[in-house]
Each structure stands twice: as C-alpha cells, then as structure tokens.
Amino acid sequence: MSEKETTPSPEIVALEAEVVLTREQLASTVDALVEQVDPRRQAARAAARGRRLMFDATDPAALPEDRARARKIVAVAGVVVVLVVAGIVRKATRH
Numbered sequence: 001m002s003e004k005e006t007t008p009s010p011e012i013v014a015l016e017a018e019v020v021l022t023r024e025q026l027a028s029t030v031d032a033l034v035e036q037v038d039p040r041r042q043a044a045r046a047a048a049r050g051r052r053l054m055f056d057a058t059d060p061a062a063l064p065e066d067r068a069r070a071r072k073i074v075a076v077a078g079v080v081v082v083l084v085v086a087g088i089v090r091k092a093t094r095h
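Counting in UniProt numbering, the sequence shown runs from 1 upward without gaps.
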C-alpha cells in the first residue's frame, strides 16, 4: 500500500467531520422533539396555562386585555361544562 491510500484526503476528513456534526445536531433535535411530545410535559404545560388563565381572569394586577380574554375563555369553558353536565343528567333521568 502506498502512503496516499492510507491517509485520507482533507476533503474526506472535512466530510467525515460534517457527518459527525450533522448526526449530533440530528440527535439533539430528536431529543428536543421527544421532550416536547412527552405526555407528562404536555400535562404540565396545560396545567400552567390553566393557572395563568385563572390568574389573568381573577387578579386585578393582570393586564386589562389579558383579563378580558381570560374571562371570556373561562365563561365559554363554564358554559361547555354546564351543557355537558346537563346532557349527562338528562340522559341519566331518561333511563
């Protein structure tokens, strides 16, 4: 074997380094996506949004536009809950 066959060219070394870097970036991206779709993490985010919504709806320190939006959402959610409960009660009393 000659020396040229055993020593990779600078272009090959650069391409191999690029492949290693790309694999690391891909692994990092996959890890981030797995963390984002974790059901426990989604539940924690939903709970945090709910707490923030209730804070905005009830705390006078909340910004007026946030308070108005939060109160509308809470009102709509309340109506939905009432309709669901009424439907369950109606169905239960029919049988």
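Yeah, the Cβ is synthetic: ideal placement off N, Cα and C, and Gly gets one too.
Just so we're clear, the structure is a prediction, and the values are computed from it rather than from any experiment.
- Secondary structure note for Ser28: its alpha helix (DSSP H) is the uninterrupted segment Pro10 to Gln36.
- Here the region 72-86 makes contact with the region 53-64; the two share three or more CB pairs at distances below 8 Å.
- Rounded to whole angstroms, the separation of the alpha carbons of Ala48 and Pro60 is 19 Å.
- The alpha-carbon separation between Asp66 and Val80 amounts to approximately 21 Å.
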